[in-house]
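See the structure below:
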């Protein structure tokens with residue numbers, strides 16, 4: 014029988030960028046992981062992207078392989094550029110493609126284009142699932158992670174990358 018992992022901890026929304034660095038330090042358990050989901054559509058300097066990136070050891074950009082998502086991801090790129098201009102340290106960035114259709118050309122093309130642009134793209138992707146317990150229905154909820162499922166495999170890939178970046 015597959016083991017279900019309890020994903021716990023606070024789930025906070027709409028965090029003030031000015032208090033995010035202190036809050037992140039406070040709520041991240043020693044040796045633990047904190048995931049921060051920023052408002053990708055808000056491409057403004059001083060927004061939640063820069064605050065999250067400033068405290069991150071690793072940035073994971075989770076996007077769908079669509080033109081609209083890539084356009085929204087430009088706000089993260091803008092934050093990286095602003096941080097570079099200010100002389101701030103940048104965390105390593107990896108890209109995880111989500112809600113994918115393995116037979117769609119957009120998945121292969123997006124992965125290839127991002128890699129050609131020098132981005133680190135995880136080999137695994139989260140397939141689109143509109144099922145009641147599927148990834149598309151996980152917004153605002155603690156995800157159900159079972160050994161061997163796509164969420165667990167994605168978590169393993171991200172953790173492997175985080176360890177590699179820390180080495």
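In the numbering used here, the protein residues as written are 14 to 180. Think of the CB as a built atom: it goes at the ideal place given N, C-alpha and C, for glycine as much as any other residue.
Buried versus exposed, by CB contacts within 10 Å (16 or more), residue i
i           : result
residue 176 : exposed
residue 16  : Low local confidence applies: a pLDDT of 47 at residue 16 is under 50, so the model's placement there is unreliable, with the coordinate-based value given in what follows. With fewer than 16 other Cβ atoms within 10 Å, it is exposed.
residue 116 : exposed
residue 14  : Reliability fails at residue 14, whose pLDDT of 40 lies under 50, so the model's placement of it is uncertain and no value is given.
residue 78  : buried
residue 51  : buried
residue 110 : buried
residue 40  : exposed
residue 145 : exposed
residue 160 : exposed
residue 101 : exposed
residue 167 : buried
residue 33  : buried
residue 172 : exposed
residue 169 : exposed
Coarse secondary structure for residue i, derived from DSSP in three states
i           : result
residue 101 : coil
residue 92  : helix
residue 118 : helix
residue 136 : coil
residue 113 : strand
residue 75  : strand
residue 40  : helix
residue 14  : The predicted model places residue 14 with a pLDDT of 40, which falls under 50 and marks its position as unreliable; any figure quoted below should be read in that light. Note: residue 14 maps to coil in three-state DSSP.
residue 28  : coil
residue 106 : strand
CB-CB length for residue i against residue j, believed under 8 Å
i           : j           : result
residue 49  : residue 37  : 7 Å
residue 74  : residue 86  : 6 Å
residue 120 : residue 114 : 7 Å
CA nearest to the CA of residue i, picked from the options
i           : options              : result
residue 165 : 133, 124 and 138     : 138
residue 45  : 101, 71 and 62       : 71
residue 142 : 112, 122, 61 and 129 : 112
residue 98  : 73, 122, 63 and 123  : 63
residue 133 : 73, 118, 107 and 93  : 107
residue 80  : 136, 131 and 124     : 124
residue 93  : 84, 83 and 104       : 104
residue 30  : 43, 42, 61 and 47    : 61
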